[in-house]
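**Student:** Below you will find the structure I want to go over with you.
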Amino acid sequence: MQVDWSSYLEAFRTGDMRALARLLSFVENGLPGYRALMAQLEWGTGAHVVGITGPPGAGKSTLTDGLIGALVERGK
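Whatever position you read off the sequence shown (first residue = 1), add 2 for my numbering.
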């Protein structure tokens, strides 16, 4: 069964965090229609997304702190 998530999307855009939680669960669980939902999201914000992965103790938090510090220094 395909769910119409447009009402959740509209609620999220107005700041409804419950709607966001539902949308995240929908995508994380790969329910039918999640790709269509992803296509509706606004990706043209100019924001960059960076993923930092690694095993425990590899220094992910240290690297993240350094990156954030450098961006703050540059006023970003």
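All C-beta atoms in this analysis are idealised placements derived from N, C-alpha and C, irrespective of residue type, glycine included.
Could you have a look at Glu44 and say whether DSSP puts it in helix, strand or coil?
**Tutor:** coil
**Student:** Can the beta-carbon of Val29 be found less than 8 Å from the beta-carbon of Met19?
**Tutor:** The answer is no: Cβ separation not under 8 Å.
**Student:** Would DSSP call Val51 helix, strand or coil?
**Tutor:** coil
**Student:** Is the CB-CB distance between Tyr36 and Ala21 below 8 Å?
**Tutor:** no
**Student:** Specify the secondary structure class of Thr61 as computed by DSSP and reduced to three states.
**Tutor:** Reading off the sequence, residue 61 comes out as Gly, not Thr. Coil.
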